[in-house]
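Structure, as structure tokens:
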Ligand SMILES: [Zn+2]
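Residue numbers (the working numbering): 532 to 882.
Okay, structure coming up:
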């Protein structure tokens, strides 16, 4: 054998064992096996410098070295490919036996669900939904509802004022966040007069109040208004009876108490027999046997007139209640602050 060929084979095989990836393997291939300038090719070229009689033996030896080195290259290439495949398989392994992860789906807020249920109940009785603005003038929120400036009844609603311009008529310009949905009564009456009206007015109300488990500074209210000829207190009680029966189920037994609101005369509050204890008394009804349903009354003649209706010809009834309250009773939710605290642990229970 020829020394240069032996050294070439030894070096090539030693370097090949150190090759760790495809990139290094390619560099090794260029160095030894490349047709242009590869070490093996260069060794074969020295053939021409040898004496003629030595050439066949040298050529045969060179071919043997080439076969050994090429076989080693092919083996190394295959080993690296297998290793790369193995790494890829173990690196991104998918365990098909793991339980699936359910996608997180959104759903309607508990208050939106309550509102839609209420719309459906009142739609069956012929009530349309009427939307009124959240920011109101002092006039719409108070004055036109028979609560003039400095009237003591204003103390019933602690108010968020938005602006209070110093004008000769403060009631006209002062802006506030509505403290109840009642301003919408004036708006719908002025829009539809002299047509008969049967609407519910849902929406957010705002009170400048200490926040507690029973009162938030924002909450939903729904108000009902019916105006027409020959509308009587019995129509109001019948409507509340039907509403309570559909909302709470049970017998729908109703109790009416006298009350006071500046914009209704007479004013009443209605209670339905507690559906949980059937009137016997329980923690939900505070052992009275009754659940409060709504504040209500016949629309005050002053309010009718402010809405454009002649109180000698027309009459009407109105009622209002908190939208959160029925679901608080139904699900035994004792703290109204959960509704708007954006805690998904709470909201997620009502999907
Ligand atoms: Zn009860």
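The beta carbon of each residue, even a glycine, is placed where N, CA and C say it ideally should be.
Note that the coordinates shown come from a computational prediction; the quantities given were computed from them, not determined experimentally.
Proximity winner among the options, relative to residue i (alpha-carbon distances)
{"i": "residue 791", "options": "647, 678, 842", "result": "678"}
{"i": "residue 596", "options": "616, 571, 577, 684", "result": "571"}
{"i": "residue 560", "options": "604, 869, 772", "result": "604"}
{"i": "residue 691", "options": "827, 714, 667", "result": "667"}
{"i": "residue 648", "options": "709, 775, 863, 838", "result": "775"}
{"i": "residue 845", "options": "757, 806, 684", "result": "757"}
{"i": "residue 744", "options": "865, 619, 686", "result": "865"}
{"i": "residue 569", "options": "591, 551, 601, 642", "result": "601"}
{"i": "residue 658", "options": "739, 534, 728, 578", "result": "728"}
{"i": "residue 748", "options": "718, 576, 548, 871", "result": "871"}
{"i": "residue 594", "options": "610, 576, 611", "result": "576"}
{"i": "residue 662", "options": "670, 598, 650", "result": "650"}
Residues bridged to residue i [DSSP beta-bridge criterion]
{"i": "residue 795", "result": "830"}
{"i": "residue 815", "result": "According to DSSP, which records beta bridges pairwise, residue 815 is partnered with nothing at all."}
{"i": "residue 788", "result": "800"}
{"i": "residue 749", "result": "737"}
{"i": "residue 821", "result": "804"}
{"i": "residue 706", "result": "668, 694"}
{"i": "residue 729", "result": "757"}
{"i": "residue 848", "result": "757, 829"}
{"i": "residue 853", "result": "752"}
Coil, strand or helix - residue i by DSSP
{"i": "residue 806", "result": "coil"}
{"i": "residue 740", "result": "coil"}
{"i": "residue 482", "result": "As displayed, the chain neither begins before 532 nor continues past 882, which places residue 482 out of reach and without an answer."}
{"i": "residue 694", "result": "strand"}
{"i": "residue 884", "result": "Outside the modelled stretch of the chain, which goes from 532 to 882, sits residue 884, for which no answer is possible."}
{"i": "residue 660", "result": "strand"}
{"i": "residue 769", "result": "helix"}
{"i": "residue 539", "result": "helix"}
Anticipated Cβ contact below 8 Å, residue i with residue j, distance rounded
{"i": "residue 852", "j": "residue 824", "result": "6 Å"}
{"i": "residue 818", "j": "residue 812", "result": "4 Å"}
{"i": "residue 820", "j": "residue 804", "result": "7 Å"}
{"i": "residue 755", "j": "residue 849", "result": "6 Å"}
{"i": "residue 881", "j": "residue 641", "result": "4 Å"}
Residue i classed as buried or exposed, judged by whether at least 16 other C-beta atoms fall within 10 angstroms
{"i": "residue 715", "result": "buried"}
{"i": "residue 585", "result": "exposed"}
{"i": "residue 779", "result": "buried"}
{"i": "residue 856", "result": "buried"}
{"i": "residue 767", "result": "buried"}
{"i": "residue 793", "result": "buried"}
{"i": "residue 537", "result": "exposed"}
{"i": "residue 616", "result": "exposed"}
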